[in-house]
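All remarks here apply to the structure that follows.
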Amino acid sequence: MPDHLLTIGETADLLGVGISTLRHWDETGQLIAVRTPGGHRRYRLSALERFQGLEVADENEEITAVYVRVSCHDQKKKGDLGHGLS
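The sequence shown begins at 58 in the working numbering and counts up by one.
What follows is the structure, given as structure tokens:
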């Protein structure tokens, strides 16, 4: 099945960046665009998913989840924050 292609404008909106950023990423190899016969950039949806870390993991791949907690200064003053991992 062919991969869905997005225009540079659609891609910019999806990623929340400017078109010039996408052009820079293409030129530096960070996010490669496909060129149309007319020279316009198109971005593969699967490449965007990989770029954003949304690619579906293979069933044999291990998945790691990370939990982060941000606390306020009051909790630190009270001393009710644990230190280190248990």
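Just so it is clear, CB atoms sit at the ideal spot from N, CA and C, and this is done for glycine as well.
Check	Outcome
Collapsed DSSP secondary structure at leucine 105 in the structure displayed	helix
Where threonine 93 sits in the DSSP three-state scheme	coil
Three-state secondary structure (DSSP) of leucine 71	helix
Of the residues Thr68, Lys134, Pro94, Ser103, the one placed nearest tryptophan 82, counting alpha carbons only	Thr68
Residue interval of the alpha helix (DSSP H) (run including leucine 79)	76-85
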